[in-house]
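J.: The structure is given below, and queries will be raised subsequently.
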Amino acid sequence: MAEPLSNAHKRWILAATVLGSSLTFIDGSALGVALPLIQSDLGAGPAAVQWVSNAYLLTLGALVLIGGAAGDRFGRRRVFLIGVGLFTLASIACGLSPTVQALIGARAVQGVGAALLTPGALAVIGATFPPRSR
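Offset between the sequence shown (1-based) and my numbering: plus 12.
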(Lines of atoms letter the chains of each structure in order from A and count residues from 1; the text may use other names and numbers.)
(Lines give C-alpha, C1' and ligand atoms only; values in the text may rest on other atoms or scores of the structure.)
Protein backbone atom coordinates (compact mmCIF):
# COMPACT_ATOMS: atom_id res chain seq x y z
CA MET A 1 0.00 0.00 0.00
CA ALA A 2 1.28 3.48 -0.82
CA GLU A 3 2.34 5.81 1.94
CA PRO A 4 -0.03 8.71 2.65
CA LEU A 5 0.95 12.00 1.08
CA SER A 6 2.36 14.75 3.26
CA ASN A 7 0.41 17.99 3.60
CA ALA A 8 3.13 19.82 1.67
CA HIS A 9 2.85 17.34 -1.20
CA LYS A 10 -0.94 17.70 -1.19
CA ARG A 11 -0.60 21.49 -1.39
CA TRP A 12 1.69 21.16 -4.42
CA ILE A 13 -0.81 18.85 -6.09
CA LEU A 14 -3.61 21.31 -5.38
CA ALA A 15 -1.58 24.24 -6.72
CA ALA A 16 -0.65 22.39 -9.92
CA THR A 17 -4.18 21.21 -10.65
CA VAL A 18 -5.79 24.56 -9.88
CA LEU A 19 -3.21 26.36 -12.02
CA GLY A 20 -3.73 23.96 -14.91
CA SER A 21 -7.51 24.16 -14.89
CA SER A 22 -7.47 27.93 -14.29
CA LEU A 23 -5.47 28.40 -17.47
CA THR A 24 -8.27 26.87 -19.49
CA PHE A 25 -10.87 29.22 -18.03
CA ILE A 26 -8.67 32.31 -18.28
CA ASP A 27 -7.86 31.38 -21.86
CA GLY A 28 -11.52 31.30 -22.79
CA SER A 29 -12.26 34.59 -21.04
CA ALA A 30 -9.27 36.63 -22.19
CA LEU A 31 -9.77 35.83 -25.84
CA GLY A 32 -12.79 38.11 -26.18
CA VAL A 33 -10.68 41.14 -25.37
CA ALA A 34 -8.00 40.16 -27.88
CA LEU A 35 -10.27 39.33 -30.84
CA PRO A 36 -10.28 42.82 -32.42
CA LEU A 37 -6.48 42.94 -32.33
CA ILE A 38 -6.25 39.40 -33.71
CA GLN A 39 -8.62 40.39 -36.51
CA SER A 40 -6.54 43.39 -37.53
CA ASP A 41 -3.13 41.72 -37.13
CA LEU A 42 -4.05 38.63 -39.13
CA GLY A 43 -6.31 40.42 -41.61
CA ALA A 44 -9.19 38.12 -40.79
CA GLY A 45 -12.88 38.62 -41.37
CA PRO A 46 -15.50 38.52 -38.61
CA ALA A 47 -16.53 34.91 -39.34
CA ALA A 48 -12.95 33.65 -39.21
CA VAL A 49 -12.31 35.48 -35.95
CA GLN A 50 -15.43 33.91 -34.43
CA TRP A 51 -14.01 30.50 -35.31
CA VAL A 52 -10.93 31.30 -33.20
CA SER A 53 -13.24 31.08 -30.19
CA ASN A 54 -15.54 28.37 -31.56
CA ALA A 55 -12.74 25.92 -32.38
CA TYR A 56 -11.64 25.86 -28.74
CA LEU A 57 -15.11 25.68 -27.24
CA LEU A 58 -16.39 23.01 -29.62
CA THR A 59 -13.47 20.64 -29.08
CA LEU A 60 -13.53 21.22 -25.33
CA GLY A 61 -17.27 20.58 -25.10
CA ALA A 62 -17.21 17.59 -27.43
CA LEU A 63 -14.30 15.84 -25.72
CA VAL A 64 -14.53 16.68 -22.01
CA LEU A 65 -16.48 13.52 -21.16
CA ILE A 66 -14.02 11.43 -23.14
CA GLY A 67 -11.21 13.15 -21.23
CA GLY A 68 -12.77 12.07 -17.94
CA ALA A 69 -13.18 8.49 -19.16
CA ALA A 70 -9.58 8.47 -20.40
CA GLY A 71 -8.44 9.47 -16.92
CA ASP A 72 -10.35 6.56 -15.42
CA ARG A 73 -8.89 4.13 -17.93
CA PHE A 74 -5.29 5.32 -18.34
CA GLY A 75 -4.67 7.10 -15.05
CA ARG A 76 -5.76 10.51 -13.80
CA ARG A 77 -2.27 11.91 -13.40
CA ARG A 78 -1.12 10.72 -16.84
CA VAL A 79 -4.14 12.16 -18.65
CA PHE A 80 -3.88 15.43 -16.69
CA LEU A 81 -0.20 15.81 -17.62
CA ILE A 82 -0.86 14.96 -21.27
CA GLY A 83 -3.61 17.59 -21.27
CA VAL A 84 -1.31 20.21 -19.73
CA GLY A 85 1.43 19.40 -22.24
CA LEU A 86 -0.93 19.50 -25.20
CA PHE A 87 -2.53 22.73 -23.99
CA THR A 88 0.90 24.33 -23.50
CA LEU A 89 2.20 23.32 -26.93
CA ALA A 90 -1.02 24.50 -28.57
CA SER A 91 -0.76 27.81 -26.71
CA ILE A 92 2.74 28.30 -28.12
CA ALA A 93 1.40 27.45 -31.58
CA CYS A 94 -1.36 30.04 -31.10
CA GLY A 95 1.20 32.70 -30.29
CA LEU A 96 3.27 31.81 -33.35
CA SER A 97 0.35 31.45 -35.79
CA PRO A 98 1.02 33.45 -38.95
CA THR A 99 -2.55 33.11 -40.28
CA VAL A 100 -6.02 32.95 -38.83
CA GLN A 101 -6.38 29.41 -40.20
CA ALA A 102 -3.31 28.26 -38.25
CA LEU A 103 -4.67 30.01 -35.17
CA ILE A 104 -8.03 28.23 -35.52
CA GLY A 105 -6.24 24.87 -35.78
CA ALA A 106 -4.08 25.61 -32.75
CA ARG A 107 -7.16 26.70 -30.78
CA ALA A 108 -8.86 23.39 -31.63
CA VAL A 109 -5.83 21.52 -30.27
CA GLN A 110 -5.98 23.73 -27.16
CA GLY A 111 -9.56 22.56 -26.70
CA VAL A 112 -8.42 18.94 -26.82
CA GLY A 113 -5.78 19.66 -24.17
CA ALA A 114 -8.34 21.45 -22.01
CA ALA A 115 -10.75 18.52 -22.39
CA LEU A 116 -8.07 16.24 -20.95
CA LEU A 117 -6.75 18.46 -18.18
CA THR A 118 -10.00 19.87 -16.77
CA PRO A 119 -11.64 16.59 -15.68
CA GLY A 120 -8.19 15.24 -14.85
CA ALA A 121 -7.58 18.10 -12.42
CA LEU A 122 -10.87 17.48 -10.65
CA ALA A 123 -10.21 13.74 -10.46
CA VAL A 124 -6.69 14.24 -9.09
CA ILE A 125 -8.02 16.58 -6.39
CA GLY A 126 -10.75 14.07 -5.54
CA ALA A 127 -8.23 11.25 -5.24
CA THR A 128 -5.74 13.32 -3.22
CA PHE A 129 -8.03 14.83 -0.61
CA PRO A 130 -10.52 12.91 1.53
CA PRO A 131 -14.14 14.14 1.37
CA ARG A 132 -13.91 16.05 4.66
CA SER A 133 -10.89 18.04 3.37
CA ARG A 134 -12.46 19.13 0.10
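Glycine is no exception: its CB is placed at the ideal position from the N, C-alpha and C atoms. This structure is a prediction, so every number in the text was calculated from the model and none was measured.
Go ahead and label residue 32 buried or exposed: buried means 16 or more other beta carbons lie within 10 angstroms of its beta carbon, across all protein chains shown.
T.: Result: buried.
J.: Assign residue 81 to one of three DSSP states: helix, strand, or coil.
T.: Residue 81: helix per DSSP, three-state reduction.
J.: Once the 5 residues before and after residue 103 are set aside, which same chain residues still bring their CB inside 7 angstroms of it?
T.: 122.
J.: Going by alpha carbons, who is nearest to residue 48 out of 38, 37 and 60?
T.: Nearest of 38, 37 and 60 to residue 48, Cα basis: 60.
J.: Which one of 20, 36 and 22 has the shortest CA to CA distance from residue 128?
T.: Of 20, 36 and 22, the residue nearest in Cα terms is 36.
J.: How about residue 79 and residue 91: do their beta carbons lie closer than 8 angstroms?
T.: Taking 8 angstroms as the Cβ cut-off, residue 79 and residue 91 qualify as a contacting pair.
J.: On the criterion of 16 or more Cβ atoms from any shown chain inside 10 Å, does residue 124 qualify as buried, or is it exposed?
T.: The residue in question, residue 124, is buried, as its Cβ has 16 or more Cβ neighbours within 10 Å.
J.: What distance in whole Å lies between the Cβ atoms of residue 131 and residue 83, which are believed to be in contact at a cut-off of 8 angstroms?
T.: Indeed, because the Cβ distance is near 6 angstroms, the residues count as touching under 8 angstroms.
J.: How about residue 112 and residue 25: do their beta carbons lie closer than 8 angstroms?
T.: No. Outside cutoff.
J.: I need the DSSP call for residue 111, collapsed to helix, strand or coil.
T.: It is coil, neither helix nor strand.
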